[in-house]
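Protein sequence lines correspond, in order, to chains A and B.
Quick note: the first sequence uses UniProt numbering, first residue 1, plus one each step.
Quick note: the second sequence uses UniProt numbering, first residue 1, plus one each step.
Glycine is no exception: its CB is placed at the ideal position from the N, C-alpha and C atoms.
Number of protein chains: 2
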Amino acid sequence: MRIGEVADRTGVANRMLRYYEEQELLTPGRHRNGYRDYTESDVRRVETIRDLSASGVPTRFIKIVLDRQADAGAWTSKCDAILADMVRCQIAELDSKISCLTTSREALRSFLDEATLERTVRASAG
Amino acid sequence: MRIGEVADRTGVANRMLRYYEEQELLTPGRHRNGYRDYTESDVRRVETIRDLSASGVPTRFIKIVLDRQADAGAWTSKCDAILADMVRCQIAELDSKISCLTTSREALRSFLDEATLERTVRASAG
DNA sequence: CTTGACCTTCACATCAATGTCAAGGTTTAG
DNA sequence: CTAAACCTTGACATTGATGTGAAGGTCAAG
Chain A
1 MRIGEVADRT GVANRMLRYY EEQELLTPGR HRNGYRDYTE SDVRRVETIR
51 DLSASGVPTR FIKIVLDRQA DAGAWTSKCD AILADMVRCQ IAELDSKISC
101 LTTSREALRS FLDEATLERT VRASAG
Chain B
1 MRIGEVADRT GVANRMLRYY EEQELLTPGR HRNGYRDYTE SDVRRVETIR
51 DLSASGVPTR FIKIVLDRQA DAGAWTSKCD AILADMVRCQ IAELDSKISC
101 LTTSREALRS FLDEATLERT VRASAG
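(1) Near residue 31 (chain A), which residues of its chain fall below 7 angstroms by C-beta distance, leaving aside the five closest residues on each side in sequence?
(2) Using beta-carbon positions only, say whether residue 101 (chain B) and residue 63 (chain A) come within less than 7 angstroms of one another.
(3) Which chain B residues sit within Cβ distance under 7 angstroms of residue 57 (chain A)?
(4) Whole alpha helix (DSSP H) runs in the UniProt domain "HTH merR-type" (1-68) of chain B with 4 or more residues, listed along the chain?
(5) Please check if any C-beta of chain A sits within less than 7 angstroms of the C-beta of residue 78 (chain B).
(6) So is residue 112 (chain A) buried or exposed if we call it buried at 16+ other beta carbons inside 10 Å?
(7) Less than 7 angstroms between the C-beta atoms of residue 35 (chain B) and residue 26 (chain B), yes or no?
(8) Going by the CB atoms, is the gap between residue 56 (chain A) and residue 54 (chain B) shorter than 7 angstroms?
(9) In angstroms with no decimal places, state the Cα-to-Cα distance between residue 120 (chain B) and residue 92 (chain A).
(10) What does the alpha-carbon distance come out to for the pair residue 14 (chain B) and residue 116 (chain B)?
(11) By how many angstroms is the C-alpha of residue 11 (chain A) removed from the C-alpha of residue 78 (chain B)?
(12) Where does residue 28 (chain A) land, buried or exposed, given buried means 16+ other C-beta within 10 angstroms?
(13) Taking Cβ positions only, does residue 51 (chain A) come closer than 7 angstroms to chain B?
(14) Would a check of beta-carbon distances place residue 111 (chain A) closer than 7 angstroms to chain B?
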C-alpha cells in the first residue's frame with residue numbers, strides 16, 4: 001500500500017514515515033513508478049515505532065531492537081548479554097515511567113472528582 | 001539545599017533545573033547570596049518532572065498537571081466547566097500515553113523473552 | 001488532454017530539550 | 001590572600017523530531 005494510507009491508518013505523518021526510513025527503522029519496497037510500497041507487516045512495525053517513540057525511547061534504540069527482532073537467531077554470544085541488559089534497563093525505565101504517569105493520572109482524576117463534587121454540593125446548596 | 005546537590009540526587013542536569021524553573025515548573029527559594037534554595041518537596045517535584053518529561057510529556061502539559069495538583073480548591077465558578085474539560089482532556093492524553101508505554105513494555109518484554117529462550121535452546125543444543 | 005490527488009526528492013525552518021562557554025560573584029580551605 | 005569549588009546570568013550551538021514548501025513525476029477520472 002502507499003504512504004498515504006499508512007499515514008491515515010497509523011496516525012503517523014507522511015513526513016515521519018520518510019524520516020523513519022531515513023533512520024533505517026523501516027524499509028518499505030518500491031513500486032515500479034518509485035512510490036513506496038508498504039506491507040501489513042510494515043504497518044505493524046510503524047505502530048511499534050510510533051509507540052516506542054512516543055514513550056521517549058530514542059530511535060537509535062528502537063532500531064537496535066527492531067533489527068534484533070528481524071533476525072532473532074543472529075545473536076552473537078558476545079553482544080547478547082549487553083543487549084539483554086539494555087533491554088531490561090529500558091523495561092525498568094518504562095515501568096517507572098508508567099507508574100509516574102499513573103500517579104499523575106490519579107492526581108488529576110481525584111482533583112476532577114473533588115471539583116465535580118464541590119460544584120454539585122454548591123449547586124444543590126445554592 | 002543548593003542546585004548541585006539536587007542535580008546529584010535526581011540525575012537532572014544543573015542546566016535543566018534552571019530550564020524547568022524558567023518554564024515555571026519549579027520555583028525554588030533563594031539564599032541571601034542569590035543561590036537557589038531547594039526543599040525536599042522540590043526534589044520530589046523534580047523527580048516527577050524528570051519522569052514525566054522522560055515519558056514524552058511536554059513541559060507545557062507537565063506544568064498544567066502540577067498546577068492542578070497544587071491548587072485543588074481554587075476553582076472559580078466561571079471557569080469550572082472549561083477547566084474540567086481541560087483536565088479531562090489531559091487525563092485522556094495521559095491514558096493514551098500509559099497504554100502506549102504499556103504496549104512498548106510488552107513489546108520489549110516479549111522480545112527479551114524470545115531472545116532468552118533462543119539462547120537457552122542454543123545452549124542446551126550446542 | 002486536463003485536472004486533481006496522489007507521490008517523489010531536496011531543502012530550509014522551527015521547536016523543545018540540552019550542552020557549553022564566558023564573565024563574574026561567593027564561600028571554604030590552605 | 002589565593003585557589004578551588006561552588007554558584008549566578010546570558011548567550012549561543014546542537015540535536016532530534018517535526019512542519020512546510022518548491023519543483024516535478026504518476027495516475028485515474030472527466
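With the structure as the only source:
(1) 37
(2) no
(3) 104
(4) 3-10, 14-22, 40-54
(5) Confidence in residue 78 (chain B) is poor, its pLDDT being 47 and thus under 50, which makes the residue's placement unreliable; the coordinate value appears in the next sentence. Output row for residue 78 (chain B): interface = no.
(6) buried
(7) no
(8) yes
(9) 23 angstroms
(10) 39 angstroms
(11) With a pLDDT of 47 at residue 78 (chain B), under the threshold of 50, the predicted position of this residue should be treated as unreliable, though the coordinate-derived value follows. Whole-angstrom Cα-Cα distance: 36 angstroms.
(12) buried
(13) yes
(14) yes
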